[in-house]
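K.L.:
To start, I am sharing the structure in question, which I have written as structure tokens.
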Amino acid sequence: MSDDKKVEAPKPAPPPGPPPPKNPGMVTMTVDGREIVVKPGTNLIEAAKAAGSEIPYYCYHPRLSVAANCRMCLVEASNSPKLVPACQHGIGEGLVVKTNTDKVKAQQKSVMEFLLLNHPVDCSICDQAGECKLQDYYMRYDFKPSRLDGPKILRNKRKVLGDLVVIDQERCVLCTRCVRFMEEVVQEPQLGVFGRGSHEVVDVAPHFGKLDSNYSGNIVDLCPVGALLNRDFRFRARAWFLSAAPSVCTGCSRGCSINVDFMGQDTYRFRPRENEAINKSWMCDQGRLSYKLLNQKRMQQSLVGRGAEAKETHFADAVKLLGQKLKGAQVTVAIAPTFSNEDLMAALAFVRDGLAVKAVYVTGRPQGQADKLLVTADKNPNRKGLEWIARGFGVELKPFAELTAALDKGAVKTLLALGADVPEDQEVFVKRLSGVETFAAIATNENAVTAAAHVVIGASAHVEDEGTFTQEAGITQRVRRAYPPKGDSHPLWKCAASLAKELGLELKAASSREVFKSLSGAVPELKDYAWDKHAPINQTRPGISTMAAGSDGRPPGWREQGVPNLRGLTLPSGT
105 MSDDKKVEAP
115 KPAPPPGPPP
125 PKNPGMVTMT
135 VDGREIVVKP
145 GTNLIEAAKA
155 AGSEIPYYCY
165 HPRLSVAANC
175 RMCLVEASNS
185 PKLVPACQHG
195 IGEGLVVKTN
205 TDKVKAQQKS
215 VMEFLLLNHP
225 VDCSICDQAG
235 ECKLQDYYMR
245 YDFKPSRLDG
255 PKILRNKRKV
265 LGDLVVIDQE
275 RCVLCTRCVR
285 FMEEVVQEPQ
295 LGVFGRGSHE
305 VVDVAPHFGK
315 LDSNYSGNIV
325 DLCPVGALLN
335 RDFRFRARAW
345 FLSAAPSVCT
355 GCSRGCSINV
365 DFMGQDTYRF
375 RPRENEAINK
385 SWMCDQGRLS
395 YKLLNQKRMQ
405 QSLVGRGAEA
415 KETHFADAVK
425 LLGQKLKGAQ
435 VTVAIAPTFS
445 NEDLMAALAF
455 VRDGLAVKAV
465 YVTGRPQGQA
475 DKLLVTADKN
485 PNRKGLEWIA
495 RGFGVELKPF
505 AELTAALDKG
515 AVKTLLALGA
525 DVPEDQEVFV
535 KRLSGVETFA
545 AIATNENAVT
555 AAAHVVIGAS
565 AHVEDEGTFT
575 QEAGITQRVR
585 RAYPPKGDSH
595 PLWKCAASLA
605 KELGLELKAA
615 SSREVFKSLS
625 GAVPELKDYA
635 WDKHAPINQT
645 RPGISTMAAG
655 SDGRPPGWRE
665 QGVPNLRGLT
675 LPSGT
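Start counting the sequence shown at 105; every next residue gets the next number (my numbering).
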């Protein structure tokens with residue numbers, strides 16, 4: 105036996121592993137020649153924005169699952185031999201992405217031509233005109249005539265999906281945003297894609313019959329083209345005639361961030377505004393339609409006298425008359441948590457110091473139903489703010505039941521209602537007022553309660569003034585004014601300051617800003633709030649914008665340019 109041992113060949117060295125990350129805990133990559141550092145898991149479309157590159161898309165939405173079916177976002181990536189959808193392709197250390205090469209541009213033109221092949225030429229009558237990605241992307245990425253020789257494929261032009269939504273199936277590009285939203289966000293999978301090939305359409309699933317959801321209006325916001333339309337807004341205004349002001353929805357205590365779209369002194373629609381802490385990108389249909397309260401049955405003029413005997417009067421005369429009635433009287437005060445913090449602070453300061461009232465009764469809207477997404481049972485937008493302010497001012501809040509008990513006993517002779525909403529049937533409440541000698545109300549809208557008042561002063565709505573609201577979780581939001589108060593109405597803080605002056609009390613209140621600066625120091629939860637710093641921006645860049653804005657990143661056109669010329673109305677200084 106040989107003593108020679110078999111010599112084993114050396115094992116090959118393992119392949120080198122990936123290089124260590126350039127920025128530990130982050131991903132370093134290159135987009136269009138610019139190196140960027142982003143968080144792991146960031147979508148490639150969002151990552152490209154950090155490099156100043158806009159990748160066009162239809163089906164992608166940052167709050168929905170990735171479908172990658174529109175193919176508009178195809179780009180070149182260093183780890184793939186062919187074009188990849190940016191919405192679906194993962195990012196990685198050292199990845200090189202190109203979004204503006206000839207190959208990418210040719211693909212974008214091809215996708216646009218394909219999408220427009222059977223799309224109807226409806227721009228002149230389409231409600232989406234002016235805020236449509238199909239229009240803007242055509243001008244930017246395609247801009248050539250159709251090569252289709254035969255007739256276009258025809259589909260249903262006006263199919264009613266539900267009470268608020270109608271679909272034009274000819275305009276649909278099958279991005280499936282609406283389908284994914286109903287299934288993933290609302291968890292009510294009522295929509296689907298039916299048919300095959302050129303005959304595919306979005307429709308309501310047969311076993312549902314119709315789209316029946318309190319969040320159906322969001323799919324109109326999500327639709328990047330003019331396929332899904334809001335039946336309430338349809339054919340009422342062109343997008344480029346509307347201006348927008350950032351505000352909050354006052355339909356319930358959730359306080360969803362919204363944009364108020366208006367023209368002149370008429371509000372046309374509410375749209376959700378991005379707010380990760382409150383409503384993300386959505387809002388309910390009840391809140392969406394609550395804009396009508398800003399236009400209908402408004403108290404634009406002060407009234408003196410009850411029912412048929414009521415006569416219009418000027419604000420100053422109504423304040424003088426009411427001041428005379430309140431002077432020396434034992435006044436019972438009821439307040440509704442529907443006003444802004446500035447209104448409530450000025451009102452409670454007047455009540456405490458001018459009327460020597462240490463306790464007020466809380467009225468407001470009656471309780472409703474809550475849901476699992478956004479809607480709360482409390483339909484009053486600023487109850488939390490009222491609680492904070494009353495506690496800071498040393499004013500006791502009493503429940504509405506105690507007020508009705510006092511009215512039924514005839515213990516109330518002079519009643520001042522700040523807000524005309526009551527949490528019971530209005531006619532029942534009016535009957536309780538039979539023993540009241542003087543009943544005055546400061547209200548934004550006409551109702552049975554204001555009709556029973558001896559003096560009514562018109563109050564402006566929240567979109568007609570600057571201010572803040574505190575929603576049920578304690579988040580305070582600034583709102584901007586859309587347009588000046590209607591008629592001879594005035595903000596509640598101004599009404600309170602004017603009444604205080606009639607009673608010999610100087611209340612420092614020349615603007616809502618001054619009210620907040622002078623009175624918020626007494627409220628621990630509000631004293632450190634930076635009123636000016638938290639004002640939402642009232643202007644955005646015009647033109648194509650693929651950023652995830654209020655609802656879906658549709659280009660806002662020229663709507664966001666602030667308060668327009670209001671048909672000859674004189675705008676106060678500082679507008």
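Ideal placement from N, C-alpha and C gives every residue a C-beta, glycine not left out.
Just so we're clear, the structure is a prediction, and the values are computed from it rather than from any experiment.
When DSSP builds the beta bridges, which residues end up paired with Ile140?
P.N.:
Position 36 of the sequence shown, counted from the start, is the residue given in the question as residue 140. Met133.
K.L.:
What residue does the beta strand (DSSP E) around Val532 start on, and which one ends it?
P.N.:
Here residue 532 refers to the residue found at position 428 when the sequence shown is read from its first residue. Here Val532 belongs to no beta strand (DSSP E); instead the alpha helix (DSSP H) covers Gln530 to Arg536.
K.L.:
Tell me which same chain residues have a C-beta within less than 8 angstroms of the C-beta of Val269, skipping the five on either side of it?
P.N.:
Stepping through the sequence shown from its first residue, residue 269 is reached at position 165. Hits under 8 angstroms: Leu315, Ser320, Gly321, Ile323, Val324, Leu332, Leu333, Asn334 and Arg335.
K.L.:
Should Ser564 go down as buried or exposed, given a rule of 16 or more other Cβ atoms within 10 Å for buried?
P.N.:
The residue you call residue 564 lines up with position 460 of the sequence shown. So Ser564 counts as buried.
K.L.:
Lys582 bridges to which residues according to DSSP?
P.N.:
Looking up residue 582 in the sequence shown gives position 478. A quick correction: the sequence has Arg, not Lys, at residue 582. Thr572.
K.L.:
Quick one: Cα of Val305 to Cα of Glu378, how far?
P.N.:
Locating residue 305 in the sequence shown gives position 201, counting from the first residue. Locating residue 378 in the sequence shown gives position 274, counting from the first residue. So the two alpha carbons sit approximately 29 angstroms from each other.
K.L.:
My output table needs one value for Lys396: the three-state DSSP class, helix, strand or coil.
P.N.:
Numbered from 1 along the sequence shown, position 292 holds the residue referred to as residue 396. Helix at Lys396.
K.L.:
Among the residues of its own chain, which have a CB less than 7 angstroms from the CB of Phe285, if the five just before and after it don't count?
P.N.:
Here the question's residue 285 lines up with position 181 in the sequence shown. For Phe285, where only same-chain residues beyond five positions count, the Cβ hits under 7 angstroms are Leu168, Asn322, Ile323 and Leu326.
K.L.:
Quick one: what does DSSP say Ser406 is sitting in, helix, strand or coil?
P.N.:
In the sequence shown, counting from the first residue as 1, residue 406 sits at position 302. The answer is strand: DSSP assigns Ser406 an E or B state.
K.L.:
Judging by CA-CA distance, which residue of Glu528, Lys415 and Phe345 is the nearest neighbour of Gln471?
P.N.:
In the sequence shown, residue 471 corresponds to position 367, counting from 1. That would be Glu528, whose Cα lies nearest to the Cα of Gln471.
K.L.:
Would you kindly check if the distance between the Cβ of Asp482 and the Cβ of Cys353 is under 8 angstroms?
P.N.:
Against the sequence shown, residue 353 aligns to sequence position 249. Against the sequence shown, residue 482 aligns to sequence position 378. Taking 8 angstroms as the Cβ cut-off, Cys353 and Asp482 do not qualify as a contacting pair.
K.L.:
Does the structure place the segment 487-494 close enough to the segment 570-578 that three or more beta carbon pairs sit under 8 angstroms?
P.N.:
yes
K.L.:
Roughly how many angstroms lie between the CA atoms of Val131 and Lys202, to the nearest whole one?
P.N.:
Position 27 of the sequence shown, counting from 1, holds the residue named residue 131. Position 98 of the sequence shown, counting from 1, holds the residue named residue 202. Distance between the alpha carbons of Val131 and Lys202 is about 17 angstroms.
K.L.:
From the DSSP output, in three-state form, read off Lys115 for me.
P.N.:
Counting from 1 along the sequence shown, the entry for residue 115 is found at position 11. In this structure, Lys115 counts as coil in the three-state DSSP scheme.
K.L.:
What does a CB cutoff of less than 6 angstroms around Asp272 pick up in its chain, not counting 5 residues either side in sequence?
P.N.:
To locate residue 272, count along the sequence shown from 1; it is residue 168. Once the five neighbours on either side are set aside, the close Cβ partners of Asp272 are Lys261 and Ala331.
K.L.:
Please name the residue in Pro124, Leu219, Gly411 and Ala181 whose C-alpha comes closest to that of Ala552.
P.N.:
Here the question's residue 552 lines up with position 448 in the sequence shown. Ala552 has its Cα closest to that of Gly411, out of Pro124, Leu219, Gly411 and Ala181.
K.L.:
Taking DSSP's pairing of strands, which residues face Gly266 in a bridge?
P.N.:
Within the sequence shown, the letter at position 162 stands for residue 266. Its beta-bridge partners are Leu315.
K.L.:
Going straight from the alpha carbon of His594 to that of Lys237, what length do you get?
P.N.:
In the sequence shown, counting from the first residue as 1, residue 594 sits at position 490. In the sequence shown, counting from the first residue as 1, residue 237 sits at position 133. His594 and Lys237 have their C-alpha atoms spaced approximately 40 angstroms apart.
K.L.:
Along the chain, where does the beta strand (DSSP E) that runs through Glu416 open and close?
P.N.:
Working through the sequence shown from its first residue, we reach residue 416 at position 312. Here the beta strand (DSSP E) through Glu416 covers Lys415 to Thr417.
K.L.:
Please state whether the Cβ-Cβ distance between Glu78 and Tyr465 is less than 8 angstroms.
P.N.:
Residue 78 is absent from the model: the chain starts at 105 and stops at 679.
K.L.:
Which same chain residues end up closer than 7 angstroms to Thr508 when comparing Cβ atoms and leaving out the 5 residues on each side of it in sequence?
P.N.:
For the purposes of this step, residue 508 is taken as the residue at position 404 of the sequence shown. Excluding positions up to five away in sequence, the list reads Arg536.
K.L.:
Looking at the unbroken alpha helix (DSSP H) that takes in Gly489, where does it start and where does it end?
P.N.:
Residue numbering aside, residue 489 sits at position 385 when the sequence shown is read from its first letter. It spans Arg487 to Phe497 - the alpha helix (DSSP H) in which Gly489 sits, taken as one unbroken run.
K.L.:
Between Val283 and Val264, how many whole angstroms is the CB-CB distance? I'm expecting something under 8 angstroms.
P.N.:
Against the sequence shown, residue 283 aligns to sequence position 179. Against the sequence shown, residue 264 aligns to sequence position 160. Contact doesn't hold; Cβ gap of about 18 angstroms is too wide.
K.L.:
Can you tell me where the beta strand (DSSP E) holding Trp546 begins and where it ends?
P.N.:
The sequence position of residue 546 within the sequence shown is 442, counting from 1. Residue identity differs from the one stated: residue 546 is Ile in this sequence, not Trp. For Ile546, the enclosing beta strand (DSSP E) has its first and last residue at Thr542 to Ala547.
K.L.:
Please check the pair Phe374 and Ile362, which I expect to be a contact at CB under 8 angstroms, by giving their CB distance rounded to whole angstroms.
P.N.:
Within the sequence shown, residue 374 is the residue found at index 270, counting from 1. Within the sequence shown, residue 362 is the residue found at index 258, counting from 1. That pair is a contact at about 5 angstroms.
K.L.:
In the DSSP assignment, the alpha helix (DSSP H) including Ser622 goes from what residue to what residue?
P.N.:
Along the sequence shown, one-based indexing puts residue 622 at 518. Ser616 to Leu623 is the span of the alpha helix (DSSP H), which, as asked, contains Ser622.
K.L.:
Counting along the chain, where does the alpha helix (DSSP H) carrying Ala682 start and finish?
P.N.:
Within the shown structure, residues of the chain are numbered from 105 to 679, placing residue 682 beyond reach of any answer.
K.L.:
Rank Asn318, Met133 and Ala438 by C-alpha distance to the C-alpha of Leu393 and give the top, closest one.
P.N.:
What you label residue 393 is simply residue 289 of the sequence shown in a count that begins at 1. Leu393 has its Cα closest to that of Asn318, out of Asn318, Met133 and Ala438.
K.L.:
Quick check: Ala510 and Thr467, are their CB atoms within less than 8 angstroms of each other?
P.N.:
For the purposes of this step, residue 510 is identified with residue 406 of the sequence shown, where counting begins at 1. For the purposes of this step, residue 467 is identified with residue 363 of the sequence shown, where counting begins at 1. For Ala510 and Thr467, no; Cβs fall outside 8 angstroms.
K.L.:
Would you check if the distance between the CB atom of Arg138 and the CB atom of Ala155 is smaller than 8 angstroms?
P.N.:
Counting from 1 along the sequence shown, the entry for residue 138 is found at position 34. Counting from 1 along the sequence shown, the entry for residue 155 is found at position 51. In this structure, Ala155 lies closer than 8 angstroms to Arg138 by Cβ.
K.L.:
DSSP state of Arg373, grouped into three classes?
P.N.:
By one-based count along the sequence shown, residue 373 stands at place 269. In the structure shown, Arg373 sits in a strand (DSSP, three-state: E or B).
K.L.:
At the level of alpha carbons, what is the spacing between Asp206 and Ala634?
P.N.:
Stepping through the sequence shown from its first residue, residue 206 is reached at position 102. Stepping through the sequence shown from its first residue, residue 634 is reached at position 530. Taking the straight line joining both Cα atoms gives about 49 angstroms.
K.L.:
CB Val408 to CB Lys462, shorter than 8 angstroms?
P.N.:
Within the sequence shown, numbered from 1, the residue matching residue 408 stands at position 304. Within the sequence shown, numbered from 1, the residue matching residue 462 stands at position 358. No. Outside cutoff.
K.L.:
Provide the residue span of the alpha helix (DSSP H) that contains Ser214, from first to last.
P.N.:
Taking the first residue of the sequence shown as position 1, residue 214 is located at position 110. That run of the alpha helix (DSSP H) goes Asp206 to Leu220.
K.L.:
Does Gly678 come out as helix, strand or coil in the three-state DSSP assignment?
P.N.:
Counting from 1 along the sequence shown, the entry for residue 678 is found at position 574. Low confidence applies here, because Gly678 scores a pLDDT of 41, under 50, leaving its location unreliable and the question unanswered by this model.
K.L.:
Under 8 angstroms by Cβ, that's how I've got Ala451 and Ala600 pegged, so tell me the actual separation to the nearest angstrom.
P.N.:
For this step, residue 451 is matched to residue 347 along the sequence shown. For this step, residue 600 is matched to residue 496 along the sequence shown. That pair is a contact at about 5 angstroms.
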